[in-house]
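In what follows, a single structure is set out as structure tokens and then discussed.
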Amino acid sequence: IDNWKNANSYDKNINVMLDNGNDKIKSILYYFGDAYCGGNGKISWYKNYPIITGKQALWEGHNNYSTLADKLNSYPISPTTDTGYSLIPVHVWSNNMA
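This is the structure in structure tokens:
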């Protein structure tokens, strides 16, 4: 999503929610698609609000702890760009803390 305001395939109710949030909402963590990482980690902006999508998932059939760590470690270290950040959806039913 390069310009959230013109994105045709996303829920425009998010824009309404942000417009009417009375500055209580600071950002949106937006999960959609396969394993909730359909946005491939893209960070888009609507006015001054970042809309952040899942990048990879810790989800059976997608990544395990090891493959996820390898993927995350392969990304550039870049604290000033969106490529330096990763929002990771975790499927609690296919992962345990044991």
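Mind the numbering: the sequence shown is residues 13 to 110 in this note's numbering, read in order.
Note that the Cβ used here is the ideal one computed from N, Cα and C, for glycine as well.
When the Cα atoms are used, what is the spatial distance from residue i to residue j?
i	j	result
Asn15	Asp94	With a pLDDT of 46 at Asn15, under the threshold of 50, the predicted position of this residue should be treated as unreliable, though the coordinate-derived value follows. Spanning the two alpha carbons is a distance of roughly 15 Å.
Val104	Gly66	15 Å
Leu99	Asn32	25 Å
Lys59	Asp35	12 Å
Ser90	Leu84	12 Å
Gly96	Asn27	25 Å
Lys47	Pro88	Note on identity: in this sequence residue 47 is Ala, with Lys being the wrong assignment. Answer to the nearest angstrom: the Cα atoms are 23 Å apart.
List the whole-angstrom C-beta distance separating residue i from residue j, where the pair is believed to meet the contact cut-off of C-beta under 8 Å.
i	j	result
Gly50	Phe44	5 Å
Among the candidates the options, whose CA atom is the shortest distance from the CA of residue i?
i	options	result
Lys38	Ala47, Pro62, His74	Pro62
Ala69	Leu30, Asn107, Met29	Asn107
**Request:** Would you mind listing the alpha helix (DSSP H) stretches within the region 58-92 that are 4+ residues and don't spill past its ends, in chain order?
**Result:** 77-86
**Asked** In chain order, which continuous runs of the beta strand (DSSP E) of length 3 or greater are located wholly inside the region 26-60?
**Response** 40-42, 55-58
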